[in-house]
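Structure first, commentary second.
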Amino acid sequence: PKWYSHEHEMPELLDQFVYGIPELHREALKSADLISSAGCMATTTILGLWPLYQAGVADLSKPIVTEAKTGSSGSGGSPNLASHHPERAAVMRSFKPTGHRHSAEIIQELTFDGNVPEIAFSATSVEAVRGILATSHVYLKEPMTDKEVWAIYRKAYKDEPFLRVVKESSGIHRYPEPKILSGSNYCDVGFERDPDSNRLVVMAALDNLMKGASGQAVQAFNIRMGYEETCGIDFPGLHPI
């Protein structure tokens, strides 16, 4: 009720579902009878932060602060005033500064050994039709070099077909950018260290209609049925559009 304003109608089934992010639960998905598709903003945020919390380098005494920007398709297929073109065009609108329901999924997936992180999550609507960019601020337990942070992400994602670490020193696409990922099942993750503190800024981007929804569902289905994991979803994207 905290996140969805009503009691779960079949709580006895909760333990039977596997959370459908393949990068985190691939082995469990192979034999799952029930799969729960992950939320789009939850997927973006989790994939950006999961390696840090799995490695135990994040300072749990301080909250994660995440701001996620999302396109209009994130509102679903039912039209409403907020998604009506004259209202939505050219907008940058805070629509859920606190209490976003995807916070629960983020907390669940970043909890290791009973250590529950605190998340301060905000969501903002932007003019784009599709795409999410989640920017998270995390404090590290100890100072780390870029090389050490890179090593954590490489260890976690080096064999993943749809995860890429994007951190360039020059150019216009130095960090993850949703526009580049439009139509693809990729999630790009990048980071930047704050030289004046132990703060790490983590950026993650994806297409909310693909890796944030149907593409990830097909990926989980492929794993469950024993198909090639990338079958039907290895489209490189639509950039430039």
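The sequence shown begins at 1094 in my numbering and counts up one residue at a time. Don't be surprised by glycine CBs; every beta carbon is placed ideally from N, CA and C.
query                                                                                                                                                              : result
Are the beta-carbon atoms belonging to G1113 and S1124 less than 7 Å from one another?                                                                             : no
If you count every other CB in all the chains shown that lies within 10 Å of the CB of I1265, and 16 or more means buried, which is it?                            : exposed
Would T1204 be called buried (16 or more neighbouring beta carbons within 10 Å of its own) or exposed?                                                             : exposed
Pull up the distance between the alpha-carbon of L1256 and that of C1280, whole angstroms please.                                                                  : 5 Å
Using the rule of at least 16 other Cβ atoms within 10 Å of the residue's Cβ for burial, across every protein chain shown, is I1157 buried or exposed?             : buried
In chain order, what residues of the same chain have a beta carbon less than 8 Å from the beta carbon of R1247, not counting five sequence neighbours either side? : V1258
Mind checking whether V1184 and S1218 have CB atoms under 7 Å apart?                                                                                               : yes
Please give me, in chain order, every unbroken run of the beta strand (DSSP E) with length at least 3 that falls completely inside the region 1101-1142.           : 1110-1112 and 1127-1129
For G1192 and T1323, I'd like the C-alpha separation in whole angstroms.                                                                                           : 34 Å
Is the beta carbon of A1297 less than 7 Å from the beta carbon of P1144?                                                                                           : no
Please confirm whether S1277 and F1314 have their CB atoms less than 7 Å apart.                                                                                    : no
In or out: T1116 buried (at least 16 other Cβ within 10 Å) or exposed?                                                                                             : Rather than Thr, the amino acid found at residue 1116 in this sequence is Glu. Buried, since its Cβ has 16 or more Cβ neighbours within 10 Å.
By a C-beta neighbour count over all protein chains shown, 10 Å radius and 16 as the cutoff for buried, is R1186 buried or exposed?                                : exposed
Is DSSP giving F1314 helix, strand or coil here?                                                                                                                   : helix
Within the present structure, is the beta-carbon of P1269 separated from the nearest heavy atom of the ligand SAM by less than 6 Å?                                : This structure does not include the ligand SAM; it has no bound ligands of any sort.
Would the region 1221-1233 count as touching the region 1154-1172 if we require 3 or more Cβ pairs under 8 Å?                                                      : yes
Rounding to the nearest angstrom, what Cα-Cα distance links Y1097 and E1261 in this structure?                                                                     : 39 Å
May I ask you to report which of helix, strand or coil DSSP gives G1169?                                                                                           : coil
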